[in-house]
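Colleague:
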């Protein structure tokens with residue numbers, strides 16, 4: 047029995063060290079090509095061209111996206127609570143990556159053969175939305191993780207949430223919560 051436990055312990059340790067080695071190699075390979083997170087501090091979001099009448103009424107809006115960026119202070123606290131409970135309930139406690147969420151998503155993928163739930167944190171989604179494509183690949187996910195770790199080191203949680211709520215797609219050409227509020231209400 048003790049021999050079996052030792053075998054499992056050493057097997058676990060070998061797998062863990064192998065995974066650590068693979069992740070370190072991926073970091074060394076991908077880190078030189080990572081974009082600068084500093085660009086997020088001065089991001090200019092594309093807003094549509096709006097045409098108003100002489101009395102100030104909106105006549106037309108041109109562009110494929112509706113977007114009205116807002117500052118973090120303007121976001122209702124109840125919306126933030128709802129967003130965090132739906133998207134990333136561990137947002138305040140992680141450093142850009144939530145290993146338990148990634149492991150849950152990976153195990154569901156292995157068991158079912160297709161993606162059932164996401165393992166990305168809000169920070170990882172910011173990295174993807176601002177810097178990466180929607181391509182589904184292992185290297186893109188590793189790049190997303192590395193960018194999320196950088197974003198968490200350089201930005202506050204409030205800045206990350208502000209970036210997120212101004213970029214997410216909420217249907218009907220509305221990007222960001224302010225644009226969605228204008229479209230739906």
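Residue numbers (my numbering): 47 to 231. Beta carbons are placed, not taken as given, at the ideal position from N, Cα and C, and that holds for glycine.
1. Assuming residue 41 is part of the alpha helix (DSSP H), what are its boundary residues?
2. Using a Cβ-Cβ distance cut-off of 8 Å, determine whether residue 188 contacts chain B.
3. Suppose the cutoff is 6 Å on Cβ atoms and the five residues either side in sequence are ignored; what does the same chain contact list for residue 213 look like?
4. What residues are listed by DSSP as bridge partners for residue 75?
5. What residue from 53, 141, 161 has the CA that sits closest to residue 183's CA?
6. Please state whether the Cβ-Cβ distance between residue 113 and residue 221 is less than 8 Å.
7. When burial is assigned at 16 or more other CB atoms within 10 Å of the CB, is residue 266 buried or exposed?
8. Please work out which residues of its chain come closer than 8 Å, Cβ to Cβ, to residue 194, disregarding the five sequence neighbours upstream and downstream, and give them in chain order.
9. Quick check on the burial criterion: 16 or more other C-beta atoms within 10 angstroms. Buried or exposed for residue 134?
10. Closest to residue 138 by C-alpha separation, out of 204, 71, 61, 180, would be which residue?
11. Kindly indicate which residue of 151, 49, 64, 140 has the alpha-carbon position closest to the one of residue 196.
12. For residue 104, which three-state DSSP category applies?
13. Could you tell me which residues DSSP pairs with residue 98 in its beta bridges?
14. Terminal residues of the continuous alpha helix (DSSP H) containing residue 150?
15. Is DSSP giving residue 141 helix, strand or coil here?
16. How would you label residue 189, buried or exposed, when you count the other beta carbons within 10 angstroms and need 16 or more for buried?
17. Would you give the residue range spanned by the alpha helix (DSSP H) that residue 209 belongs to?
18. Does residue 89 come out as helix, strand or coil in the three-state DSSP assignment?
19. Tell me which residues share the same chain as residue 121 and place their Cβ nearer than 8 Å to its Cβ, disregarding the 5 neighbours each side in the sequence.
Modeller: For this structure:
1. Past the edges of the chain, shown from 47 to 231, lies residue 41, and the structure says nothing about it.
2. The structure shown has no chain B; it contains just one protein chain.
3. Answer for residue 213: 175, listed in chain order.
4. Residue 75 pairs with nothing; no bridge assigned.
5. When only C-alpha atoms are compared, the closest one is 161.
6. Remark: C-beta atoms of residue 113 and residue 221 approach each other more closely than 8 Å.
7. The shown model of the chain, from 47 to 231, leaves out residue 266, and the question about it has no answer.
8. 142, 143, 167, 169, 170, 172, 173.
9. Residue 134 sits buried, since 16 or more C-beta atoms from the chains shown fall within 10 Å of its C-beta.
10. For the residues 204, 71, 61, 180, the minimum Cα distance to residue 138 belongs to 204.
11. Checked all of 151, 49, 64, 140; the closest Cα to residue 196 is 140.
12. It is a strand residue.
13. DSSP lists 104 as partners of residue 98.
14. Run containing residue 150: 145 to 158, per the alpha helix (DSSP H) assignment.
15. Of the three classes helix, strand and coil, the one that applies to residue 141 here is coil, per DSSP.
16. Residue burial is scored here from C-beta neighbours: residue 189 has at least 16 other C-beta atoms within 10 angstroms and is therefore classed as buried.
17. Residues 203 to 213.
18. If DSSP states are grouped into helix, strand and coil, residue 89 belongs with coil.
19. Around residue 121: 207, 208, 211, 223.
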